[in-house]
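Residue numbers (the working numbering): 15 to 352. Backbone N, C-alpha and C define an ideal beta-carbon position, used for all residues, glycine too. Written below as structure tokens is the structure these notes are about.
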């Protein structure tokens with residue numbers, strides 16, 4: 015039976031959504047769950063749910079990492095935190111994946127520097143995001159872990175994103191693109207030009223540059239950029255959705271005719287909202303560390319936590335980490351014979 019560790023101190027409203035989402039996942043996906051965090055708080059919350067027939071354990075982790083805690087402060091002195099304890103279970107082979115909706119920087123620091131470490135051959139791990147574009151999920155990376163990059167790193171991001179898209183999202187083969195200011199070869203800065211030259215020689219299904227306007231057109235399943243551009247894209251994309259939603263709400267409330275039209279459109283609008291809801295995806299992988307780590311939004315509800323656990327389940331079933339290990343081991347062996 016698959017065992018997935020869930021950080022019970024992840025969401026902004028912890029531990030309520032974290033525990034509720036874990037129960038939903040255990041029921042729907044038939045996975046074993048290990049909830050890590052302060053045992054008494056978790057037990058109190060878990061008692062609110064019917065867990066008959068489910069295998070849900072609690073592992074005490076009394077220390078708490080706040081959203082405001084700096085990533086540089088968590089590698090030492092937080093060994094009894096839910097993130098440390100949970101990832102250590104994955105490292106020791108006692109669990110298959112770790113899921114957190116907590117502090118992203120802290121999760122990356124602990125995974126990279128304290129517990130799981132990088133897969134041999136990986137230069138830099140990459141933070142990712144998954145978006146369901148017309149119900150066709152795409153993975154974008156890096157979204158903030160590496161603001162200053164080298165072409166070789168971007169190539170590795172492309173390779174890792176491609177492997178995840180193939181193993182966990184079932185694309186065969188996934189199309190990989192680099193984000194630039196134009197589609198034509200050579201568009202962009204020197205770093206992108208060097209990256210493109212390397213990707214054209216790689217074995218992945220590289221389809222060239224795409225412009226920002228094409229991110230939402232299903233022209234690629236994996237889109238690669240540096241962490242600075244990725245973080246700007248992520249925040250712009252999510253804030254645009256909020257702006258559009260608020261603007262639509264304001265317009266609907268301006269007159270009785272608009273309110274009537276809004277009432278007639280409510281089913282369609284609710285459907286659109288559900289398709290844009292980040293809780294439908296839940297979380298995305300931290301690629302490049304030697305274990306499955308899924309990181310989601312702190313604002314997630316129980317459905318979001320459940321969805322993040324499902325992302326972890328898909329990565330386990332797809333053998334994502336094993337494929338990444340094999341890929342970089344083979345590249346290392348090839349380089350060694352040259």
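Report the CB separation of residue i from residue j in whole angstroms; it is logged as a contact under 8 Å.
i	j	result
residue 334	residue 318	That pair is no contact at about 21 Å.
residue 126	residue 139	6 Å
residue 18	residue 49	At roughly 10 Å, the Cβ-Cβ gap does not stay under 8 Å, so residue 18 and residue 49 are not in contact.
residue 298	residue 144	5 Å
residue 199	residue 210	7 Å
residue 106	residue 16	That belief does not hold up - the Cβ atoms of residue 106 and residue 16 are roughly 16 Å apart, past 8 Å.
residue 7	residue 31	The requested residue 7 is not part of the displayed model; the chain covers only 15 to 352.
residue 77	residue 94	4 Å
What are the residues that DSSP puts in a beta bridge with residue i?
i	result
residue 77	95
residue 71	48
residue 143	154
residue 299	308
residue 192	223, 238
residue 132	303
residue 21	50
residue 111	18, 306
Cβ of residue i within 8 Å of Cβ of residue j?
i	j	result
residue 171	residue 305	no
residue 328	residue 38	no
residue 236	residue 153	yes
residue 309	residue 230	no
residue 285	residue 294	no
residue 120	residue 79	yes
residue 116	residue 312	yes
residue 240	residue 163	yes
residue 194	residue 223	yes
residue 337	residue 96	no
residue 40	residue 89	no
residue 208	residue 165	yes
residue 212	residue 243	no
residue 332	residue 314	no
residue 141	residue 300	yes
residue 21	residue 114	yes
residue 155	residue 238	yes
residue 137	residue 167	yes
residue 232	residue 150	yes
Given 8 Å, three or more beta-carbon pairs between the stretch 58–72 and the stretch 97–105: no
Could you tell me whether the stretch 37–45 touches the stretch 81–101, using the rule of 3 or more Cβ pairs below 8 Å? no
Taking 8 Å as the cut-off, does the stretch 263–278 touch the stretch 216–225 (at least 3 CB pairs, one atom from each stretch)? no
Sufficient close CB pairs (3 or more, under 8 Å) joining the stretch 166–181 to the stretch 189–196: yes
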